[in-house]
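Residue numbers (my numbering): 22 to 432. Even glycine gets a Cβ: it sits at the ideal position worked out from N, Cα and C. All of these numbers come straight from a predicted model, not from anything done at the bench.
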Amino acid sequence: MTEGSRSRNSLTSEKRRKATALTWRFLFSAVLVVAFASIAASEEDLAETNKSQMANSSICSGDLKIVRDGFGEEVSLCTPIKRIVSPWCTNNELLKVLGASDKIVAVDSSMTGVSNGLFPELKDLPDCGGWNEPDFETILSLRPDLYIPWLVTTATEEDRYGITRKRLLEERLPGIPILCLDNNEYRGADYFLDEVRMLGEILDKKAEADEFIEFYENCTAPVRKGIDGLSEDEKPRVWITSLFFTGNKVTGSPYAYTGFAPIDLAGGKNIASGLGGYGKKVDLEWIVEENPEYIFIQIWAAGNKKSPYDSDYPLSVAKEQVEEVLNTPQLSQVDAVKNKRVYVIQYSHFTKGPSRCIATAYLAKLLHPELFESLDPIKMHQDYVNRFLKIDFNVAENRDNFIYPSLEEKT
């Protein structure tokens, strides 16, 4: 082989090596572009992807709406929404306030087969299981457009009623949109009213939502104005507990809510606010040391298949709890006991959900009678019943169902 041919072969080989290197660089760059594009799509275009998938599905023949739930996650909804499964009484009350209870097709087991004064229209609906133990087979068979559970949307990931629970519901109810609401339970009023606006939009009940929001703000405005400027020393100390966590006796295994918005909004000072979390187990010695001026015991009406809007609502449990606290020897020197300021208040349909504004007015008048002499919570409550619940119920005659003993009995 001549020197010239060797030189030409060497040049050809070098060109091949360069071409091969360029080819690999191009392929590697292309792979990176595709990878980064996929990541961007998964993070930035998730909503559009969900929208496209649902829009192309035969499931949605109407308009697609994307909202954020209480966990901050996007939920794709096909409107109009005609069928709702709602296994939680407070969520059902909110739907009723918006004039949408006729969309509910199943309720939880505490409401089925019961002549419930608040929801006469729901008593013959199918049982979809308990709020904490859904009947997945029944729910799937009903083909709802929306499922609204009760979950703690502010819970940590470890909480069994937090985001982990939502993931289980998503797994067991494929194809059914799951909308988790706070419904005025753990977050403030502003967040709640935003949820009301959102529901008004997706349920085609915007006018009803606007009317209720105006009512809610009119109820809370005089309370906010009245307690504005109060010093911490002017706010009475309050212990708020619940039969839900203590069994049959609140003094047997005492519990204290560390956060309870109606008390804060009404100008009270929660003695457990510094303990952290949602609530804590305490002991009688701690209660004596904190010396609350008022004691409030929450009870859950749905536990005995009644609502406080039943004229035959049993007051026996409330009376027993008040007497039990007043007659506990270890608490005899606590200010609340000495002055007989021990009350039972309704959990469902009063301190949670849309009626929280009513509960706040009652509590403000009780804690600060001198500031709210002209405030009339019973009138507010009756207006709420007439305009939004639309049931035949006399609040004045049944006021003990919500706070026992009632304000009038204490004056």
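Same chain only: Cβ atoms within 6 Å of residue i, ignoring 5 sequence neighbours per side
i, result
"I318", "T262, V271, Q342 and V365"
"L264", "I320"
"P335", "none"
"M219", "V88"
"K327", "Y334"
"L286", "T381"
Check whether residue i and residue j have beta carbons under 8 Å apart
i, j, result
"F140", "S162", "no"
"A230", "L392", "no"
"N422", "P329", "yes"
"T175", "Y212", "no"
"L190", "P165", "no"
"V358", "L347", "yes"
"L428", "G288", "no"
"V303", "P275", "yes"
"N205", "R377", "yes"
"I424", "V363", "no"
"S353", "N419", "no"
"C99", "C81", "yes"
"L305", "Q351", "yes"
Cβ-based neighbour list, residue i, same chain, cut-off 7 Å, excluding 5 preceding and 5 following
i, result
"P398", "I379, A382, Y383 and K386"
"V355", "I308, V309, N312 and P313"
"C201", "D90, G91, F92, P170, L172, T174 and K187"
"K103", "K124 and D166"
"E158", "none"
"P101", "G83 and D225"
"H402", "I379 and V416"
"L251", "G288"
Collapsed DSSP secondary structure at residue i in the structure displayed
i, result
"Q319", "strand"
"R258", "strand"
"P165", "coil"
"N291", "strand"
"D331", "coil"
"G150", "strand"
"R245", "helix"
"P350", "helix"
"P283", "helix"
"P390", "coil"
"A382", "helix"
"P155", "strand"
"A127", "strand"
"R218", "helix"
"Y212", "helix"
"E94", "coil"
"V106", "strand"
"Y425", "strand"
"A417", "helix"
"I412", "coil"
"S252", "coil"
"L194", "coil"
"S395", "coil"
"D145", "coil"
"M132", "coil"
"D225", "coil"
"E206", "coil"
"N312", "coil"
"G138", "coil"
"Y405", "helix"
"K187", "helix"
"L336", "coil"
Sheet register partners of residue i (DSSP bridge)
i, result
"Y364", "F317"
"T100", "D84"
"G300", "Y278"
"S263", "Q319"
"R89", "E95"
"I14", "Summary: the structure shown does not reach residue 14, with the chain confined to residues 22 through 432, and so no result is reported for it."
Contacts around residue i, its chain only, beta-carbon distance under 8 Å, and the 5 residues preceding and following it disregarded
i, result
"F233", "V118, L119, V217, P375 and F409"
"I125", "I105, V106, S107, N113, L116, L143 and L146"
"I160", "V106, A127, C149, G150, Y168, L194 and I197"
"K301", "Y276, A277, T279 and A293"
"P283", "T372, R377, A380, T381 and L384"
"F414", "G138, Y330, S332 and V406"
Does the segment 228-241 come close enough to the segment 252-261 to have 3 or more Cβ pairs within less than 8 Å? no
Three Cβ pairs or more, each shorter than 8 Å: is that satisfied between the segment 367-381 and the segment 289-308? no
Inter-stretch contact at 8 Å, needing at least 3 Cβ pairs: the segment 278-292 / the segment 217-226: no
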